[in-house]
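Since the structure comes first, as structure tokens, the remarks are kept for the end.
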Amino acid sequence: MRLKGKIAVITGAATGIGAATAKLFAKEGAKIIIGDVNEVDALKTVEEIKKAGGEAFFCKTDVSKWEDCKNLIDFAVKTYGRVDILHNNAGIGPVGDAESTSVDLWNKVLAVNLSSVFYCSKAVIPVMKNQGGGVIVNTASNWGFVAQPGWEAYHASKGGVVMLTKAMAIDYAKYNIRINALCPGYVDTPLLRKAVAASADPEKEWEDMGKLASPLEMAYGALFLASDESSHAVGTCLILDNGETARGGMVKDHLPAKGENPFKKS
Ligand SMILES: NC(=O)c1ccc[n+]([C@@H]2O[C@H](COP(=O)([O-])OP(=O)(O)OC[C@H]3O[C@@H](n4cnc5c(N)ncnc54)[C@H](O)[C@@H]3O)[C@@H](O)[C@H]2O)c1
């Protein structure tokens, strides 16, 4: 077992990547505390873990609120006396360019996707310092590195998670707290399906994405970063995206036209 006896707090584990990660971490011996707004599905994850012989609790948490994040970490400490792993994974993915994104939506995306990482980390770092170390894994995105048209707030939030990860990693490595980011590409989850459904041309969008990852393929990346196997990883961004970033992004037809093509076959 790769996480035997570890205490792991995971946000956004009601569905998708977080749910798969919670189940995988439990299978590898960790005791799980889930923080999520979606009580119904989070409790399903808890039940599945218990049925498989694991241990899990749910603590209702809106990660966009500092008080809720502090309460989640306090709950974990009250329950188990320590937190070995914090996986900041909760997120939302609404589409919108600068004009169509309302100020309220902008603030919400930044709060759920970025401030949450700061809040939960801020709450857990003193606990990890006291106990002599720990691991934080932040779910960013390959879209923290390359941009697609029509996702301004999401890109800003994920770019923020990438840099917050690096900044905290170098501040807290000396306390034996390793902080890294997992950067998924397209993963077949409710978040992705909802985003595609809201796009201008869902059918084309779905085709353009090519092969989608399963949530479990991402969970294995989170497992590596959470386990001692990644002991030399500090401030690393593990990009698992089927080569999208290596290609410099997916869609190119949004760029301005470049005039006559001298290579055009007449
Ligand atoms: N699916 C993808 O293609 C993809 C790609 C790159 C990054 N990601 C990131 O992966 C993470 C997980 O997303 P997913 O794709 O599994 O989607 P998902 O919708 O299945 O999971 C998101 C989880 O976050 C929870 N959540 C949402 N708002 C919350 C809040 N305010 N407080 C607490 N919990 C909240 C949801 O209830 C859900 O459990 C997100 O950070 C997302 O940005 C996803």
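Quick note: the sequence shown, position 193, residue 189 per the working numbering, numbers continuous.
Note that the Cβ used here is the ideal one computed from N, Cα and C, for glycine as well.
Checking the 7 Å criterion, the Cβ of Asn126 is out of range of every heavy atom belonging to ligand 1.
Residue Ala215 holds the alpha-carbon nearest to the alpha-carbon of Thr185 among Val158, Ala215, Gly156, Leu160. Separation of Gly245 and Trp102 (C-alpha to C-alpha, rounded to the nearest whole angstrom) is 23 Å.
Of the heavy atoms belonging to ligand 1, none sits nearer than 7 Å to the Cβ of Asn238. Considered as a whole, the region 108 to 150 harbours 130 to 135 as its complete beta strand (DSSP E) runs of no fewer than 3 residues, in chain order. The C-alpha of Leu110 is placed about 18 Å away from the C-alpha of Ile166.
Between the alpha carbons of Glu225 and Val5 lies a gap of roughly 19 Å.
Secondary-structure assignment with DSSP links Val5 through a beta bridge to Ile29, Leu82. Where Ala15 is concerned, the enclosing alpha helix (DSSP H) starts and stops at 12 to 23. About 4 Å separates the beta carbon of Ile175 from that of Ile132, a gap short enough to meet the 8 Å contact definition.
With contact defined as three or more Cβ pairs closer than 8 Å, the region 77 to 85 and the region 118 to 138 are in contact. In the three-state DSSP reduction, Ala165 falls in the helix class (H, G or I). DSSP lists Val133 as the bridge partner or partners of Asn176. For Leu187, the shortest separation between its Cβ and any heavy atom of ligand 1 lies below 7 Å. Three or more Cβ pairs closer than 8 Å define a contact, and the region 196 to 206 falls short of that threshold against the region 149 to 162. Judged by their CB atoms, Asp204 and Asn138 are not nearer to each other than the 8 Å cut-off.
Short of 6 Å from the beta carbon of Leu106, and not among the five residues preceding or following it, lie these beta carbons of its own chain, in chain order: Ser153.
Residues Ala52, Phe54 of the same chain have their beta carbon placed closer than 6 Å to that of Val42, with the five preceding and five following residues left out of the count.
Checking the 7 Å criterion, the Cβ of Ser195 is out of range of every heavy atom belonging to ligand 1. Using a Cβ distance threshold of 8 Å, Asp70 and Asp64 do not count as a contacting pair.
Relative to ligand 1, Gly89 has its C-beta within less than 7 Å of a heavy atom. C-alpha of Gly130 to C-alpha of Asn172: approximately 7 Å in a straight line. For Leu234, the uninterrupted beta strand (DSSP E) segment begins and ends at 233 to 236. With distances taken between CA atoms, Ile45 lies nearest to Ile28 out of Ile28, Met(-3), Val158. DSSP lists Ala209 as the bridge partner or partners of Val183. Classified as buried, Val113 has 16 or more neighbouring CB atoms from the shown chains inside 10 Å of its CB. Beyond the five residues adjoining it in sequence on each side, Ala229 comes within less than 6 Å, by CB distance, of Asn176 in the same chain, given in chain order. Ranked by Cα distance from Val91, the first of Ile13, Val192, Asn257, Asn84 is Val192.
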